[in-house]
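Q: Going letter by letter, the sequence shown gives residues 63 to 235 in this note's numbering. A virtual CB, placed ideally from N, CA and C, is assigned to each residue, including glycine.
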Amino acid sequence: MSYRKSLLFTALVLVGGAALTACTTAPMAPAAAPAPVAQAAAPAPSYPATINQLVARTKSQIKTVKMPEFKAAFDRKDTGLLIDVRNENEFEDGFVPGAVNVPRGLIEFRIWKLVGFPDKTDMNKKMTLYCATGGRCALATKTLMELGFTNVTSVDMLFADWVKAGYPVAMPK
């Protein structure tokens, strides 16, 4: 066997031996007493409290309606352009009939086609926005107002409550 092959063989044996040694079972420590069962803690929020403050501040600067007012406008067919600002995968799970899906992250770019740009842009077009919790639609409503739209309303409701109430839900075709 050549010196190079011998050196390679020795290295393989050492590495293999080290790997096998690492697989051996260490002596077991005495079993500790089970930890006391703690009350389940509330789930940690997925964002800092400052986000809640931002949404609350935004809601104070825009027109909002609660679910009963929205349902009454829906029944009267008086929502104007109804926009669901949830993500597309949320929209595919069901939406308020008549709504168009314009995710919040795209509202500034997609709204123009819906309001007649470039031919006859209606900056006073009545629009009602909703989402899953009332947060995203509030932020999207403020964005539309900053773009110059003057007749925009945000629905402050949980979409799950709309569903739970047995109100109409459409599915994409």
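Rounded to whole angstroms, what is the Cα-Cα separation between Tyr-192 and Gly-156?
A: Each residue's Cα considered, the two are about 13 angstroms apart.
Q: So who's on the other strand from Thr-126, going by DSSP bridges?
A: Ser-216
Q: Ignore the nearest five residues each way along the sequence and tell me which others in Pro-234's own chain have a CB closer than 6 angstroms to its CB.
A: Once the five neighbours on either side are set aside, the close Cβ partners of Pro-234 are Glu-154.
Q: Classify Ala-161 as buried or exposed, calling it buried when 16 or more other Cβ atoms lie within 10 Å of its own Cβ.
A: By the neighbour-count rule (16 or more Cβ atoms within 10 Å), Ala-161 is buried.
Q: Please state whether the Cβ-Cβ distance between Lys-182 and Leu-143 is less than 8 angstroms.
A: no
Q: Compute the Euclidean distance between the alpha carbons of Trp-224 and Leu-209, then round it to the nearest angstrom.
A: 29 angstroms
Q: Roughly how many angstroms separate the alpha carbons of Ala-111 and Val-117, rounded to a whole number?
A: 10 angstroms
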